[in-house]
Amino acid sequence: MASCSNILVAALAGVLTSAQRLNPSNRQIEEMDTETEDVTETERFLSTETQPKKQQEEEEEGDLVKKLPGLDPSVNVTHHAGRIALHGSDKNFLFYWHFQAARDAEKAPLVIWLNGGPGCSSMQGLFLGNSPFVLVNESTIGRNAHSWHQFANMLFVDQPVGTGMSFTSGNDYRSSEEDISADFYDFLVRFVQRHTEYLSDADDDVKHTRDVYMFGESHAGRWIPKFSEHIMDQNVITNNRIKIRLVGVGIGNGWVHPRIQYEYSDYAHGLGLLSFGQVRSLKASYAECLAALDAGTFYSDSCLGNMNAITDSVKAGNEENNLNFYDVRKYVRTVSAYPSGMKTIATYMNKMEVREAVHGNKDKRFRFSMCSNGVYRGLKQFDGVSTLNAVQSLLERGLRMIFYVGQWDMMCNYYGIEKLLLGLNWKGSKAYQQAGKFTWQVQGRKDPAGFAQQGGNLTYVVVAGAGHMVPMDVPDVAADLLRRFVNGLDFNDKEQSVTNTRLNATDLEDTSCHALVNASSTDVGYSSSFLSGGNSSQVHINITWLLVALVIASVSSILTVCVTLACLRNRRHLQPEHEIISQVSDSEHIDQPRDGEQEESSDKEDISEHEHLNGVSQ
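Heads up: the sequence shown runs through residues -19 to -1, 1 to 599, numbered per mature numbering (1 follows the signal peptide of the UniProt record, and there is no 0).
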């Protein structure tokens, strides 16, 4: 669900760094047992050759999970699991786990949950906060009191192919996000055909689904906008007999616009980790990342280096005590071990009796892993590509969107998320930008649950007391967030007393003295100066204009003094000489700056302006 670390030595280290950045648990299983993973990645494909006949037999039996090993008998829930062959072939399969809503399941909406990576299993979300299940240990499942199935039917999907319990034959990993979007759409259509309770009357010529929502975290900031666009595009194709009624999406701690989000110094400074001088230094070096993105290089050590520099700088004397950039309240031995519980999930899912119960891959050579190196390798090239255009397009088309972010997550932090949202330009922009800020409260909690801003069809929430994985850190708060969103309820519990001044990207540019630059090809349609982040040439332009302004101000001051003196001389014939001298002396004392005052003021202006110029983050 997120990634980055302090390893930029070898190419493999770079891969693991980026994988970790977008998924806190990414590479955990592989790093603990890389030799085993290399073997099982190969066996994963060999084991699929015997799957087609078994798949057909199991589809005829249905996907109802009748008895799940280790499940507490007091947990009463109807759930289904299985895999669906994509595009009618026997080559690629996606695994899912479906939970009926606790109340009014026949009317409740369908909420799809996706973890990130790319290549990390949605079993993370299932066992760490969202589903009815809590994995107590490797053999026991308890009840989650804050399960999202209280408000909706839940569907957890392992995707792309090769992720978690999903598998592919012939090493057919995806290297195109268009292919992944097409796979997901095909899966979703086949799922509702299998579960026809989600479709309108079968007699209708064109069937529509019930209301569908998509939620996810971290790299789902790429999945969800791309998948949503594909679904909505397919809905307008006349020969499609099934229309997916996608009405809203939620992106938690999302990786959306790397041009802004690769730069972490402002957030780190807000935590007291860096000084202003260190921030300036990091922003200067960040120009290399911007240059790489402008050149179309979307996976670059220069972009990963910003986070690495910060974590290396604040590391304690002990090399095994590292800042957890997914939850900066904690130092950990290794960030790849976050969150705890990943090994427990993998152990449980690899039990043969569990695989049989959930209609998974029963080949003994197949091995479930929390995150797939193969999937990541095929998609890391898109790490620096923005999905902000897709977000803007979806908002313009009327899709309801909520962005929520844990306040203690540095990796996909609130500073970057709020900033990128101000760069959006759609019909609801004005309403969102001028909306007031509200303190959000959840029943049973004395402290605020978070802080929200809503306008048009966009909601932005900072979740208090949470890091990168909001449902895991504050499950009751996450459940309330879902409840409000799917029921169309606002987060307006208590309006904050500080007045909100309407800001957009251009306003931020003006107040920060940022230079206007052209947007990259991935940023077309947004405020180019704001989203592009600026570069050294624009800094020089701004300095030139600053010097011109200072010269003009100096000349004006000199002229003012000269005119004043001339006027005083003209009055000398009207007053005694000693009085004239006294007036001239007093006037000069008032109008002239003290020794060094003007020079000091100029120096401060230079420092302030340079700080602003280097503050262009992405």
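The beta-carbon is built from N, C-alpha and C at its ideal position, and this holds for glycine as well.
Where residue i falls, given that 16 or more other Cβ within 10 Å makes a residue buried
i	result
Glu38	Caution applies to Glu38, whose pLDDT of 48 falls short of 50 and renders its modelled position unreliable; the value that the coordinates give is listed next. So Glu38 counts as exposed.
Thr368	buried
Met323	buried
Val46	buried
Lys345	exposed
Cys270	buried
Thr15	Confidence at Thr15 is low in this model, with a pLDDT of 34, below 50, so the placement of that residue should be treated as unreliable; the coordinate-derived value is given next. Exposed, by the Cβ-count rule.
Gln435	buried
Ser128	buried
His61	buried
Val479	exposed
Cys543	exposed
Ile539	exposed
Ser209	buried
His130	buried
Ile533	exposed
Arg550	exposed
Thr190	buried
Val536	exposed
residue 681	Because the chain in this structure spans residues -19 to 599, residue 681 falls outside the shown range and cannot be described.
Simplified DSSP assignment, three categories, for residue i
i	result
Glu476	strand
Trp204	helix
Phe306	coil
Trp407	coil
Lys264	helix
Gly365	coil
Gln435	strand
Asp186	coil
Ala82	coil
Ala445	coil
His130	helix
Asn96	coil
residue 654	A question about residue 654 goes unanswered here, because the residues of the chain that appear run from -19 up to 599.
Met135	strand
Met104	helix
Arg64	strand
Phe279	coil
Lys400	helix
Asn342	coil
Glu198	strand
Thr177	helix
Gly143	coil
Cys352	strand
Thr325	helix
His211	helix
Residue i beta carbon near the ligand NAD (any heavy atom closer than 7 Å)
i	result
Asp160	Although the ligand NAD was asked about, the structure shown includes no ligands whatsoever.
Assumed close pair residue i, residue j - CB separation to whole angstroms, cut-off 8 Å
i	j	result
Trp236	Cys393	6 Å
Tyr245	Asn287	5 Å
Met135	Ser120	Actually they do not touch by this definition, with Cβ atoms about 23 Å apart.
Gly197	Gly233	7 Å
Tyr267	Asp364	Actually they are not in contact, since the Cβ atoms of Tyr267 and Asp364 sit about 16 Å apart, beyond 8 Å.
Tyr329	Leu116	6 Å
Tyr413	Gly431	The pair is not a contact, with the Cβ atoms about 17 Å apart (cut-off 8 Å).
Test item: CB-CB of residue i and residue j under 8 Å
i	j	result
Ile241	Val173	no
Val187	Arg226	no
Cys284	Tyr243	yes
Asp454	Gly448	yes
Arg464	Phe132	yes
Ala318	Gln388	no
Leu462	Tyr385	yes
Asn96	Gly106	yes
Ile93	Val138	yes
Met351	Leu109	no
Arg310	Glu301	no
His238	Gly98	no
Glu334	Pro50	yes
Val467	Pro90	yes
Residue i at chain C interface by Cβ criterion, 8 Å
i	result
Gly253	The chain inventory of the structure shown lacks chain C, comprising one protein chain alone.
### Message
Closer than 8 Å is the cut-off here; do at least three beta carbon pairs connect the stretch 373 to 386 with the stretch 402 to 418?
### Response
yes
### Query
Does the count of Cβ pairs from the stretch 416 to 425 and the stretch 246 to 262 closer than 8 Å reach three?
no
### Query
Taking contact to mean at least 3 C-beta pairs separated by less than 8 Å, is the stretch 97 to 116 in contact with the stretch 132 to 146?
yes
### Task
Please determine if the stretch 286 to 301 and the stretch 83 to 98 are in contact, where contact requires at least 3 C-beta pairs separated by less than 8 Å.
no
### Query
Three or more beta-carbon pairs under 8 Å between the stretch 356 to 363 and the stretch 210 to 223, yes or no?
no
### Message
Measuring CB atoms only, is the stretch 59 to 75 touching the stretch 161 to 169, in the sense that at least three cross pairs come out at less than 8 Å?
### Response
yes
### Task
Inspect the CB distances between the stretch 50 to 69 and the stretch 106 to 125 and report whether three or more fall short of 8 Å.
yes
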